[in-house]
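The numbers in the sequence shown follow the working numbering, run straight up by one, and end at 267.
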Amino acid sequence: MKLETFEAEDIVVEVRGAKFTFQPASHQDVIFADTTNDYLANDHAKISISRDKCITHVFSKLKAVEGLEVNGEKADADKVRGIALKIQTADLMPILLGWSIKVFEQHGIIKAAGSEEKNESTKS
């Protein structure tokens, strides 16, 4: 058996001109990312964590925000963490999806976009 470790960088998600910087992914984040994707896919049979708990977990990892206004006022990470459960779904989902994808990439579950590595099944 061969085990691999990883050094993760901050997770950066850009949505409609705003930049959200989250702490690097932990092992626990994989569970929340998977559950978040189940919500996005409307696959309620698989969901074991509440939607509010997923949102709260993701935004608890938020370190910084750039280029974001909330109700006409510039917002920082503290403001966004405080209103996370009030963000409209259309604005919330791209942030959660972007975070989930980055978590899966950091843990090697999926390959990063543009990755040079080939999937084992496609290697020649």
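Quick reminder that beta carbons are idealized off the backbone N, C-alpha and C, glycines included.
Check                                                                                                          : Outcome
Sub-7 angstroms separation of valine 158 and isoleucine 238 beta-carbons                                       : yes
4 or more residues per run - each alpha helix (DSSP H) lying fully within the segment 174-248                  : 194-203, 220-226
Sequence-distant residues of its chain with Cβ nearer than 7 angstroms to lysine 204 (five each side left out) : Phe165, Gln166
Closest residue to leucine 211 among Val156, Ile154, Lys162 (Cα-Cα distance)                                   : Lys162
Residue-level contact to chain B via CB, threonine 178, 7 angstroms cutoff                                     : Absence of chain B from the displayed structure is noted, only one protein chain being present.
Unbroken beta strand (DSSP E) run spanning threonine 164, endpoints                                            : 161-165
Cα-Cα separation, glutamate 248 to alanine 151                                                                 : 10 angstroms
Residue(s) in a DSSP beta bridge with isoleucine 154                                                           : Phe165
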